[in-house]
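Quick notes on the structure that follows.
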Ligand code: SF4
């Protein structure tokens, strides 16, 4: 266990208190914050705008980074999967997904996950532990530095999605703190409007999330149109069922800003939740609750052993989408990215395989 303080986890106020406690003027906190987050420097030694004796003090008491990159894989579609390790040797996975107009980084909020979604590989790991705010922020810094170079400008800005390993709302405090640190203008400057958090349905936290002043977008993983099936696919449904989840979604809808919508994610599993009847029930469910500012993201299941589910056929996915649309529901098909390197949705399980293409450092 590392004894040194992880400064990447500190808000500006906490950093100001820290520098005063080590006998330094408060303004040094600003320089350190910039060095960590805007310039994305990997060590205090590289913060050459700080006096040498301060850098020495910082090296003694604190550290910039705690995660190490174990392996990096690149997909034929340009997606990169980073397998990292915490100081206590636990896996953390982060995925970089480039498109022509923007980049998206999918980060993890926990090492492993305690929820037992039946179609998800991460579930097989169980919960190893919550990630700290610093470990969440550091994932983004590592990926940006790796893709663009240390501190280099990112060409299109960065979108974040909290859809990697773990249930973000079971690590709420650290998540919100990390997002707040990342939103600072003289830091990473990734504002909440560029962030989407995905929950499997931790109902009380959906209410809490709705009340946040600076709130990211929300996606709720649904994946079944009735309790019987959802109990099986996503056992969290036994704790908060579809009625309770939709009541929270309705409350959340009232908090939406002008032009904003929220999302239900629906993973399509061949022959399990993808029939015409399922599509009709799903549309009826949404219409019954009068949710109007919602869209459905259909996600083709990504096969990965030892999961026994198979993906839906292309034709059935199209039929499913058409049925939803015919009943007035906005549905989109999410293109799977990085399937070949186990970076796609539901595939994150710290898989490290010699036959996958690793990127040289
Ligand atoms: S789908 Fe998400 S919430 Fe469910 S087990 Fe996997 S990581 Fe956890």
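Numbering (my numbering), first residue to last: 0 to 360.
No residue lacks a Cβ here, since even glycine has one placed at the ideal position from N, Cα and C.
Remember, it's a predicted structure, so these values are computed and weren't measured experimentally.
In angstroms with no decimal places, state the Cα-to-Cα distance between residue 307 and residue 222. The residue given as residue 307 occupies position 308 in the chain shown. The residue given as residue 222 occupies position 223 in the chain shown. Using only the alpha carbons, I get a separation of about 16 Å.
Report yes or no: do the region 160-175 and the region 100-109 share at least 3 C-beta pairs separated by less than 8 Å? Yes, since at least three Cβ pairs between the region 160-175 and the region 100-109 fall closer than 8 Å, the two stretches touch.
Three-state class that DSSP yields for residue 242 in the structure shown: Here the question's residue 242 lines up with position 243 in the chain shown. The answer is helix: DSSP assigns residue 242 an H, G or I state.
Return the chain-ordered list of same chain residues with a C-beta closer than 7 Å to the C-beta of residue 61, the five sequence neighbours on each side being excluded. Sequence index remark: in the chain shown, residue 61 carries index 62 (1-based). Scanning its chain for C-beta atoms nearer than 7 Å, with the 5 sequence neighbours on each side dropped, one finds around residue 61 the residues 3, 4 and 6, in chain order.
With a floor of 4 residues, list each alpha helix (DSSP H) that falls wholly inside the region 129-174, ordered by position along the chain. Counting only runs of 4 or more, we get 132-147.
Distance, residue 17 Cα to residue 356 Cα: Against the chain shown, residue 356 aligns to sequence position 357. Against the chain shown, residue 17 aligns to sequence position 18. Because residue 356 sits at a pLDDT of 42, beneath the cut-off of 50, its placement in the model cannot be relied upon, and the point is left open.
At a cut-off of 6 Å, would you count residue 112 as near the ligand SF4, judging by its Cβ distance to the nearest heavy atom? The residue you call residue 112 lines up with position 113 of the chain shown. Checking the Cβ of residue 112 against the ligand SF4 gives yes.
Does the ligand SF4 have even one heavy atom less than 6 Å from the beta-carbon of residue 116? In the chain shown, the residue the question calls residue 116 occupies position 117. Checking the Cβ of residue 116 against the ligand SF4 gives yes.
According to the neighbour-count rule (16 or more other Cβ atoms, all chains shown, within 10 Å of its Cβ), is residue 21 buried or exposed? What you label residue 21 is simply residue 22 of the chain shown in a count that begins at 1. Around the beta carbon of residue 21, a 10 Å sphere encloses fewer than 16 other beta carbons of the protein chains shown; the residue is thus reported as exposed.
Is there contact here, the region 181-191 with the region 29-47, by at least three beta-carbon pairs under 8 Å? The region 181-191 vs the region 29-47: in contact.
Measure from the alpha carbon of residue 248 to the alpha carbon of each residue in 137, 89, 325 and 201, then state which is nearest. Along the chain shown, read from residue 1 onward, the residue named residue 248 stands at position 249. From the listed residues 137, 89, 325 and 201, the smallest Cα separation to residue 248 is found for 201.
Under 7 Å, do residue 269 and residue 311 count as touching if we go by C-beta distance? The sequence position of residue 269 within the chain shown is 270, counting from 1. The sequence position of residue 311 within the chain shown is 312, counting from 1. Taking 7 Å as the Cβ cut-off, residue 269 and residue 311 qualify as a contacting pair.
From the DSSP secondary-structure annotation, give me the bridge partner or partners of residue 265. Working through the chain shown from its first residue, we reach residue 265 at position 266. Residue 265 is bridged to 297.
Here's a check: name, in chain order, each residue in its chain whose Cβ is nearer than 7 Å to the Cβ of residue 230, leaving out the five neighbours to either side. Numbered from its first residue, the chain shown carries residue 230 at position 231. Within the same chain, residue 230 has close Cβ partners 236 and 237.
Taking contact to mean at least 3 C-beta pairs separated by less than 8 Å, is the region 320-339 in contact with the region 279-288? Taking 8 Å as the limit for Cβ pairs, the verdict is that the region 279-288 does touch the region 320-339.
Run of the alpha helix (DSSP H) containing residue 84, from where it starts to where it stops: Taking the chain shown and counting its residues from 1, the one referred to as residue 84 is at position 85. Premise fails: residue 84 lies in the beta strand (DSSP E), 79-84, not in any alpha helix (DSSP H).
Where residue 90 falls, given that 16 or more other Cβ within 10 Å makes a residue buried: Stepping through the chain shown from its first residue, residue 90 is reached at position 91. Counting Cβ neighbours within 10 Å, residue 90 comes out buried, since at least 16 surround it.
The ligand SF4 heavy atom lying under 6 Å from the CB of residue 92: As a working mapping, residue 92 is identified with position 93 in the chain shown. Result no, Cβ not under 6 Å from the ligand SF4.
Taking 6 Å as the cut-off, does the CB of residue 119 come closer than this to any heavy atom belonging to the ligand SF4? Counted from its first residue, the chain shown places residue 119 at position 120. Checking every heavy atom of the ligand SF4 against the Cβ of residue 119, one is found closer than 6 Å.
Among the candidates 131, 46 and 256, whose CA atom is the shortest distance from the CA of residue 85? In the chain shown, residue 85 corresponds to position 86, counting from 1. Among 131, 46 and 256, the Cα nearest to that of residue 85 belongs to 131.
Relative to the C-alpha of residue 214, which residue among 198, 140, 65 and 192 is closest? The count along the chain shown starts at 1 and reaches residue 214 at position 215. Residue 192 is the option with its Cα nearest to residue 214.
Residue 117 lies in the alpha helix (DSSP H); which residues open and close that run? Position 118 of the chain shown, counting from 1, holds the residue named residue 117. Element bounds for residue 117: n/a, residue is neither H nor E.
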